[in-house]
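The structure under discussion appears below in the form of structure tokens.
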Amino acid sequence: MSPAAALDRAALVVDGLTTALTRLRRARLLHPRGRSFTGEVTVWGLPGPPTGVPLFDRPGRYPAVVRLSKGVPTPDGWPDVLGLAVRVRHGADRPFDLLVSSAGAAPVLRHVPLPRRRVAGTYTTVMPYRAGRRRLFLAALADPESVDLGRDLAEVTAAARSDAPRLVLAVASAVGPWRPFGQVSIGTQLGAREDAALAFDPIGNLPPGLRAVGPLAWLRQVTYRASRRTRGAAPTSGRVSPGARSG
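Going by my numbering, the sequence shown opens with residue 125, and the numbers climb by one from there.
This is how it looks when you write it as structure tokens:
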């Protein structure tokens, strides 16, 4: 069997399993329990060498939708692999869907999803991207000047009602330090129907100059596509508030 045929067969198996599990769960296969909010992404511009991705390198402000979620999910207060999804409407035909999971900040740990209790902390893409010849990871980091996001989804909602919680957006090479280039702020909570309608595509919805690579990118593409199809959701489902301006 050729490598291409083997990959096609593996895709059919993963697709079938994802479809069956999504139907059984009657919700998202991955991170089914979460809360969604309006938001805004502010890009300061990247100090030092540019990445070659204009969205990260040039200052601007963009409307966004932010979703925080639990992976398994475990009961409130228990450790879990937490998820953060940010949909950025940056003027292209498709939005930019940034999906990051709770992980370590150090180079050896930014590849590995790590369970934790507190919502604020380090979230990384786990999988690498390519920008030209550069291999990049993206992250959302705790903002020490932001209101605390708490330990569970209810506390996140309370924090969003009292203030506008923020996380810092950063980029790094596989072994280099994180370089902050912007922030995402969390606004008003969306309704349960709007949360259920959101469907992210971390492989297809990328900004110009950035592409996903590696085995995890392939796995995400197959599983997210099957989960969206089973739920009857399009890869750009869910609104983005027009309240912010782009620049």
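Idealized CB from N, CA, C, for every residue including glycine.
State whether the region 208-218 contacts the region 180-195, with contact taken as three or more CB pairs (one from each stretch) at a distance under 8 Å.
-> A contact exists between the region 208-218 and the region 180-195.
Could you pull the start and end residues of the beta strand (DSSP E) that residue 324 belongs to?
-> No beta strand (DSSP E) holds residue 324; DSSP gives it neither H nor E.
Which runs of the beta strand (DSSP E) fall wholly inside the region 215-259 and span at least 3 residues, in chain order?
-> Annotation: the region 215-259 contains the following complete segments of the beta strand (DSSP E) (minimum length 3 residues), in chain order: 220-226 and 253-255.
With respect to the beta strand (DSSP E) encompassing residue 189, which residues constitute its N-terminal and C-terminal limits?
-> Per DSSP, residue 189 belongs to the beta strand (DSSP E) from 184-194.
Report yes if the C-beta distance between residue 275 and residue 243 is below 9 Å; otherwise report no.
-> Their beta carbons are under 9 Å apart, which means residue 275 touches residue 243 by this criterion.
With 16 as the cutoff for other CB atoms within 10 Å, does residue 367 come out buried or exposed?
-> Any reading at residue 367 needs caution, since the residue's pLDDT is 41, under 50, leaving its predicted position unreliable; the model's value is listed next. Exposed: under 16 other Cβ atoms inside 10 Å.
In three-state DSSP terms, what is residue 286?
-> Residue 286: helix per DSSP, three-state reduction.
Give the single residue among 300, 307, 311 and 277 whose Cα lies nearest to the Cα of residue 286.
-> Per the C-alpha coordinates, the member of 300, 307, 311 and 277 positioned closest to residue 286 is 311.
Distance, Cα to Cα, residue 333 vs residue 281?
-> Going by the C-alpha atoms only, they are around 34 Å apart.
Can you say whether residue 170 is buried or exposed, counting buried as having 16 or more other CB atoms within 10 angstroms of its CB?
-> By the 10 Å Cβ count, residue 170 comes out buried.
Locate the beta strand (DSSP E) running through residue 206, then write down its first and last residues.
-> Segment 206-212, the beta strand (DSSP E) holding residue 206.
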